[in-house]
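Worksheet: one structure, shown below.
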Amino acid sequence: MKSKKFLSLIIGLVVLVFMAACGDDADGSGGSGDDQEVTIGTLADITGATGDTGTPYSEGQDHFFEYLESTGGIDGLDITHLSEDYAYEISDAQRIYQQYRDRDGVSAILGWGTGDTEALRQQVASDQIPFMSASYSENLKDLDESPYNFFVAASYSDQGRMVLEWIKDNHEGGDPTVALLYNDTGFGRSPIDDIKDYAEEIGVEIVDEQIIDLAATDAQSQLLNMEEHDPDYGIIQQTWAATTTILRDADTLDIDTQFIGLNQAVGEGLIDQAGDLSEGFMGVLTHALPYEDVPGMDEYIEYLDSQDMTVDDINMQHVAGWVVAKVMVEGVKNAADSTDGEITGEDVLAGLEAIEDLDLGGLAAPVTFTDELHAGTEEIRLGIVEDGQWKAITDYDSYR
Amino acid sequence: MKSILGKNLGNYRTSYRADMALLNSRNKKIGMVILLLVIFLLPMFASNYFIGLMTLCIISSIGAIGLNILTGFTGQISIGVGAFLGVGGYASAILTTSMGYSFWIALPLAGIITAIIGGLFGIPSLRLKGLYLAIATLAAQFVILFIIRRWVSLTNGTSGMVLQRPTIGDFALSSNTSYYYLSAIAFLLSAFYAINLVRSRTGRAFFAVRDRDMAAQIMGINLFKYKVMAFAISSFFIGIAGSLLAHYTMIVSPEFYEINVSIQYLAMILIGGLGSVFGSILGAFFITLLPVVLNIIVGSLSGILTDLSHILSAFEEFVFGAVIILFLIFEPGGLAHMWSNTVNYFKKWPFSY
Amino acid sequence: MDFFLQILVTGIVVGSIYGLVALGFVLIYRSSDVLNLANGEFVLIGGYVCLTIMTASNLPFIVALLITLVISVLLGFSVERLVIRPLKNAPVISIIMATIGLASLLGGLVHMVWGHRTRTFPQVFPSEPIHFGGLIITPVYLWSFITVLVLLVTFTLFFKFSKMGIAMRAVADDAKAAMSMGISVKNVLAVTWAIAAVVAAIGGTLLGMINGVGPIMATIGLTVLPVVILGGLDSIGGAIIGGFLIGIIQNLAGGYLDPMVGGGLKEVVPFIIVLLILLLKPYGLFGKGGAERV
Amino acid sequence: MLKVNNVEAVYSKMILALRGMSLEVPKGKIIALLGSNGAGKSTTLQSISGLLSSDGGQITDGTVEFEGETLNGKSPDAIVKSGIFHCMEGRHVFPHLTVEENLTAGAYTRKDRRNIQKDIDKIYGYFPKLRDLKKRPAGLLSGGEQQMLAIGRGLMAKPKLLLLDEPSLGIAPLLVEEIFENIKQINEEEGTSILVVEQNANVALKIADYGYIMENGRVVMQGEVDRLLEDDEVQNHYLGIGTEEDQKEVVYKSKQERMVW
Amino acid sequence: MVKILQIEGISLQFGGVKALNDVSFHIEEGEIFSLIGPNGAGKTSMLNCISGLYHPSQGSIKYKDEEITKMKAYSRTNLGIARAFQNIALFEHMSVLDNLMLGRHTLMKSGPFSGGFYFGKAEKEEVDNREHVEQVIEFLDLQEIRHTPVERLAYGQQKRVEVGRALALSPELILLDEPMAGMNKVEKERMAQLILKMKDNGITVVLIEHDLGVVMRLSDHIAVLDFGKQIGFGTPNEVQENPEVIKAYIGENVS
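Protein chains in written order, with the working numbering: chain A, 1 to 400; chain B, 401 to 753; chain C, 754 to 1047; chain D, 1048 to 1308; chain E, 1309 to 1563.
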């Protein structure tokens, strides 16, 4: 009997899928008035391996679109924003992507990490759907390989170059030596070769590299090995968890290397996790910190107020999500201006590529896309943790 | 032989050949024709999105059939499918992208290469059983992925490799529908092969190895040969699935082939039914479509539970686990068993009690 | 020499955590032949529960830990009752899959309850490292090392002298014969799962103090598999020694081999060991295995 | 004291192992249950002790009564608590437990923990060999020593009824005699009723008061030991070698059809 | 008479226990040969040595003058040695037909390629062997249950299938381990008939059986084992009169 009930449950579910799935192909009709319609889909990681940074990032996007709607939206444009959690699993990302493309007919996608971005890179190119993610991998700058990928911040490589530049300019006493600490994934390895090349170019010596797993329990053997070379600086391309491990074990082993994290290692979450250990840790700031007084925060705060939230409820990842949505909307706006008909992915591509020196009010460095460059900026700031807070110590600047 | 109800209540055959034919009753023949028609005419009335989903389902089915040959039929547990899928995908990527072979050569070669590597990893199966073999394949999963990450000159390391959709002459199979047809043909061939295999001498030997390996030896079955053969044949299918998937997504990277993929495939054959080709297919569809269904359910509940969509994946994970456990406890025969129960019920209708 | 000793010490202390988590595996495997692949989730839940109690109620650590252990006992009981017992006659693959399903279910549950963020424990042990000559150990590590030793002694005594301990060993040796002694195999299994969950929770709490509590913590479940294979799936001493060995080997590989191959070996080496062990000595260093009869 | 009434038992829901099995064990007696391989002797013991379920079997019909109480459906541990102890075929000592721990395990259901050590000494009295081996893991004992341990372990539970399944299996003849003498002694001194299943009918009947002979899941013959020993058929089938006349029974009829293999 | 199987000085050890100790006998072609002895005497171990599941620590086994002591079990099957197990070792999830077809395994050739595509040769082979198997089915009276999974059969039927599977191999030497255990008189009689018929067809039969009446009636030669040692060998009459056999096997004092 038990199994019979179970059976009917299963059959019910199957019927449900077919009813739901056979039906709607996106046809773009049914909207209100003469507004042009456009749909943007988000692939978010909320419950996956990178959920701790992925969640505020996707919330930032959600909030921006809600803000946009609350202010009356954009004239003549009806933007639908969809968001789904793919939990950093590629098979889920693939499925959701198909759904966005075939069922929802999205014209652009806001992606998230290296995993989904890499996995969908070829498909978005052949389907002509612009894809803007928080994977700041230099590979994506190659427009032959990834013609539809965008990102709004400086690439990991550019970040690394800038850090090297800063080290060279600010190091006191002798030639600086640098170690690289990263993990064995596409994300971790992404800037390494570029950093090494640039170091050679400007004459900074890379004395060591260490691989530390994202889920490492300890990093002592790596740090001991690193200590053999006694580097002045350690550039960290990791997530918060692994960065915390590194900082803790460095503290344990009394290692006095100055660690500098690229953007994924940086943020309020690191301070939460590493506590006192994060004091004096430096890092790349790609976006504004919520408590900074910059013009771009005004509309942000306006929205937060309306939601009974304050800047204390958000963090830099949230800002990054907000910014990426803002840039995307800018591109869509441009696309809408250039066409009267349906806004296709190609239109959005052109719209994005028309963005020039977009002022984000200090929330991030100004963004420019062209048909040769889909990395919005090369500029970053460097920050340091002082009294449990990130403080910027430079202005937006690029290594060039 | 017709009964008074005009129903065919039994099948009578006049030769062993007829008895042993694959489609040995009229109903089966009709069913087969309908099935083929549905498969080939589907793109005419289903949405593009649906075709895309079906493509994922049938590619998974090929892999699931492969795994079932190893685990369901031969009783050798493998938690390393993910990595073998990767071997197939990478083989195809290397053959087409780096070496410039055509997809049509790369596809079978990818299967063969995966079969060889799978066979190699099958060698320990002579000494290892059950749990220990499972752990060995799990270790293989980690080691293979490590090699893929590190053999940068061959695999381009962690950044992955790019592939193209196959072409026939000048026609690229870039649309959902065309790729669906390609996968469907591969799928039908795989299913046909697998169904025949398991009812032939080799298949019987697999079953024998699974049920009682001692007695199998006494039947003259060389355990080692058949275990390795099961690994190889199984890996061939998985390699083909890997290659098809790689050309579908047009990219391979180590992140595609993590342990959770292995687990999903195991779930497919378990929920579908161990030792059943048909079950593998049902299971593959079930597991692939499960998140879609949950999505719909959560969507329709979103009025009541607004925040659920935010934790959809966690919910999915939860349901995935729950479904596996429920099946194991209440229907260990899987969907295939449910299906045959249902069919039997209707066959005997209205005399089912 | 300092380098070597420091790596050795690190290996030992990390290994002690491995041993602790491995203990959970072994306890369950011994008495029911089940490899609990959801052990990592047990660890995770233990960590989260203890942390939540501490932060939400301001109870002292030791009280919070005790409450956590009680909750773990309940978790162990319910898992045994709801998942394992109904499957007692199922084939190996079903049981493997059931624990995988359990892992997924519990993982999803944790996500839904606690979300995604890595949380940190309020400070319990001083963070100032302790120096022994040239060697440095963090207090948490030292405590986990002590905990493992205490647990090892406790379990040895428990299995040697207590009625339940002897019953558990009897069930592990020959469940049917144990049944004929009037030992309720069901109860023994339930107790086993409860103890395993308790051990996992202790592991989760210690690990949480080291790395914070986050979903990624569940991966310890897989990381520790090589430990139990090396030590032997059914040997408690093997789990502990295997833990130390894997910890040491991993760190030695990290210290000496990683620089040669360009890093990353530290995480894979245990699995290479698994393959070797399975090929050379399938039942591990201390496992007993069984001869098959026709 | 124990009554088995018309029990039917099946394995895996299909194979009928007992077809209306009945027997009785009076208080303080030794009863022998004889029969060939596969006759259902062990199944009978298992359906009494409740261990049948652990082999995937179950009682489908009939009752097992012990001291007026029905045992059907009770779990093995409850049955042990009510005073029946089953020493399984093949000894089944716990190989990794020491001799003494094995004996302790036997006393699992007992409430009087204080007397256990005293009883262990008593067991050593019956089987002095075990005393010398008490610290040794039982897996390292010889077959005969293990059998002694298995019986001793059973006594530790202080059962009212001891079920012994093939205590002579795989044990040298001299030891068999010794073990059976011990069984007799235990029966006399402790008043424990014993139901013993044996292939080796000679030794079993030597100590038993009453015997049953099983075939195909039911009793085909029963009686006082003396009477059984005198019976021709028992002699032929269970005690000795068939007579000349038997050999002529087979009518060799098939010459006509050639087989094809 | 030709010696089909020669056993010389076989010893087998498990850990410290000697399961077989210097056992020697020979079996003549076309005869029915019985191995008897009390439970645990090593009879099944002896069969396991002959069929290759165990490898003796000492001694040699020759089949038709070919040394097979070290040969793998599956290769011995190729030579024509078939075996039926004491505790039914059928493939319980498979049908009777498939179990018997498995018996034909060594006599068939199709591999994973031809088998998977089935047409042509593989199909013909299946059909041909099916015909053979059908004859076994008919002989053992299994027609009604040929498509039934073995697990659903009654014990006696399973025993018959077990023997049938060995017969399907078209063996020259068949090893039967207690084929009549648990059978009633009628069933036993049928099995005895069958064994005689095997002999009639030139198959050499090695039999382990507890029912001494049956053994004495059927056997041409008998070997008696006790505690791994061979204590008697000869014709039924010789064995019956062997004092050592009487002493050890039957017990000293039959009252």
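We treat Cβ as the ideally placed atom computed from N, Cα and C, and that holds for glycine.
Pair within 9 angstroms by beta-carbon distance, residue i and residue j
i	j	result
A931 of chain C	A1154 of chain D	no
V327 of chain A	L304 of chain A	no
D222 of chain A	Q264 of chain A	In the sequence as displayed, the identity of residue 222 of chain A is Gln instead of Asp. No, these two residues do not count as a Cβ contact at 9 angstroms.
M917 of chain C	P875 of chain C	no
H374 of chain A	N139 of chain A	no
T1352 of chain E	D1485 of chain E	yes
R783 of chain C	I989 of chain C	yes
N1407 of chain E	V1471 of chain E	no
S590 of chain B	I640 of chain B	yes
L520 of chain B	S478 of chain B	no
L1477 of chain E	G1388 of chain E	yes
A630 of chain B	T474 of chain B	yes
L1481 of chain E	A605 of chain B	no
Contact belief for residue i with residue j at Cβ below 8 angstroms, rounded distance in angstroms
i	j	result
L1050 of chain C	G1040 of chain C	In the structure as shown, chain C starts at 754 and stops at 1047, and residue 1050 of chain C therefore has no counterpart that could be examined.
S708 of chain C	S1096 of chain D	Within the shown structure, residues of chain C are numbered from 754 to 1047, placing residue 708 of chain C beyond reach of any answer.
L382 of chain A	V284 of chain A	6 angstroms
G488 of chain B	G522 of chain B	At roughly 16 angstroms, the Cβ-Cβ gap does not stay under 8 angstroms, so G488 of chain B and G522 of chain B are not in contact.
E1497 of chain E	G1464 of chain E	E1497 of chain E to G1464 of chain E, Cβ: 12 angstroms. No contact.
T688 of chain B	L435 of chain B	The Cβ separation is near 19 angstroms, so there is no contact.
L1028 of chain C	A539 of chain B	5 angstroms
L1049 of chain D	F1113 of chain D	5 angstroms
Inset, instruction - Decide yes or no for the touch test of the segment 434-442 of chain B against the segment 556-570 of chain B: beta carbon pairs closer than 8 angstroms, at least 3 of them. - result: no
Inset, instruction - May I ask you to list, following chain order, the residues of the segment 1522-1538 of chain E that have a beta carbon less than 7 angstroms from some beta carbon of chain B? - result: Identification of residues in the segment 1522-1538 of chain E having a C-beta nearer than 7 angstroms to some C-beta of chain B yields an empty set.
Legend entry - Segment contact, 8 angstroms Cβ cut-off, at least three pairs: the segment 723-731 of chain B with the segment 670-683 of chain B: yes
Legend entry - Inter-stretch contact at 8 angstroms, needing at least 3 Cβ pairs: the segment 334-346 of chain A / the segment 82-95 of chain A: no
Legend entry - Complete alpha helix (DSSP H) runs within the segment 437-504 of chain B (minimum length 4 residues, chain order): 448-467, 481-493
Legend entry - Cβ contact check for the segment 717-729 of chain B and the segment 845-863 of chain C: 3 or more pairs under 8 angstroms: yes
Legend entry - Entirely enclosed beta strand (DSSP E) segments - the segment 705-736 of chain B, minimum 3 residues: Scanning the segment 705-736 of chain B for uninterrupted beta strand (DSSP E) segments of 3 residues or longer gives nothing; none is fully contained.
Inset, instruction - Count the C-beta pairs between the segment 1332-1349 of chain E and the segment 1501-1520 of chain E that are closer than 8 angstroms, then say yes if the count reaches three, no if not. - result: yes
Legend entry - Segments assigned beta strand (DSSP E), at least 3 residues, entirely inside the segment 206-273 of chain A: 233-237, 258-261
Legend entry - In chain order, each alpha helix (DSSP H) run of at least 4 residues that lies wholly inside the segment 1102-1176 of chain D: 1123-1128, 1146-1153, 1163-1173
Inset, instruction - Enumerate, from N- to C-terminal direction, the unbroken alpha helix (DSSP H) stretches of 4 or more residues contained entirely within the segment 1462-1527 of chain E. - result: 1463-1476, 1493-1508, 1520-1526
Legend entry - Runs of beta strand (DSSP E) lying entirely within the segment 273-301 of chain A, each at least 3 residues, in chain order: Qualifying beta strand (DSSP E) stretches, in chain order: 282-285.
Inset, instruction - Please list the residues of the segment 861-892 of chain C that have a C-beta atom closer than 7 angstroms to any C-beta atom in chain A, keeping them in chain order. - result: H864, H869, R870, T871, T873, P882, I889, T891
Inset, instruction - Scan the segment 951-1028 of chain C and note each continuous alpha helix (DSSP H) run of 4 residues or more that stays entirely inside, going in chain order. - result: 973-976, 978-984, 989-1005, 1011-1014
Inset, instruction - Taking 8 angstroms as the threshold, find out whether the segment 939-959 of chain C comes into contact with the segment 826-835 of chain C through three or more Cβ pairs. - result: Three or more Cβ pairs closer than 8 angstroms define a contact, and the segment 939-959 of chain C meets that threshold against the segment 826-835 of chain C.
Legend entry - Proximal residues, the segment 611-640 of chain B versus chain E, C-beta separation under 7 angstroms: D611, R612, M614, A615, Q617, I618, M619, G620, I621, N622, M629, I633
Legend entry - Touch test, the segment 921-928 of chain C against the segment 735-747 of chain B, Cβ-Cβ under 8 angstroms, three pairs minimum: no
Legend entry - Contact the segment 790-803 of chain C vs the segment 957-974 of chain C: 3+ CB pairs below 8 angstroms: yes
Legend entry - Meets three-Cβ-pair contact criterion under 8 angstroms: the segment 1157-1171 of chain D and the segment 1101-1121 of chain D: Flag = no, the segment 1157-1171 of chain D and the segment 1101-1121 of chain D do not touch.
Inset, instruction - Using a Cβ-Cβ cut-off of less than 8 angstroms, list which residues of the segment 537-548 of chain B approach chain C; keep chain order. - result: L538, A539, A540, F542, V543, F546
Inset, instruction - State whether the segment 1073-1083 of chain D contacts the segment 1242-1256 of chain D, with contact taken as three or more CB pairs (one from each stretch) at a distance under 8 angstroms. - result: yes
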